Amino acid sequence: MKTKFRSRAAAFVISSALLLGAGAIAASPASAAGSDGCTKNDRNHWVTVRDLGYPGIHTGPGAKYRKKGTIDFDEHFRVYCSTKNGYGNHWLYGKKEGSSLKGWLFAERTEPGYF
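Next comes the structure, spelled out in structure tokens:
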């Protein structure tokens, strides 16, 4: 009886470990999870949007990532860090002013901010 219980317990532990490992493999890229994709620290840096086309704030540093929201012309974006993606485009990670919306903004849509 004891052996049967140990076998089932061991099978449960192994199954759980395999399932958790598979979940980690299937997870989104680290850069899509937030600032993990940053390669440069840009703390206390603000930019102002200069694009009339409502640029998107994305889940990762690239247009291929899901758009979480948009930012309007002349709105401000607080930059925490930045990176260049695989295409050489400069992306900023930060937060839209007056909002809790955080994500990635294409740097070419901005100019130095007001702070």
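Going letter by letter, the sequence shown gives residues -32 to -1, 1 to 83 in mature numbering (1 follows the signal peptide of the UniProt record, and there is no 0).
Cβ atoms here follow ideal geometry from the backbone N, Cα and C, with glycine treated the same way.
All values reported here derive from a predicted model rather than from experimental measurement.
Check: Using the C-alpha atoms, what's the distance from Val15 back to Gly24?
Finding: 15 Å
Check: Are there 16 or more other CB atoms within 10 angstroms of the CB of Phe74, so buried, or fewer, so exposed?
Finding: buried
Next item on the list: Going by DSSP, name the residue or residues bridged to Thr51.
Entry: Trp59
Margin query: Mapping the DSSP letters down to three states, classify Ala(-16) as helix, strand or coil.
Written below: Because the pLDDT at Ala(-16) is just 46, under 50, the model does not fix this residue reliably, and the point stays unresolved.
Check: With DSSP run on the structure shown, which of helix, strand or coil describes Glu43?
Finding: coil
Notebook entry, point to check: Under the DSSP definition of a beta bridge, which residues are partnered with Gly71?
Noted result: Gly62
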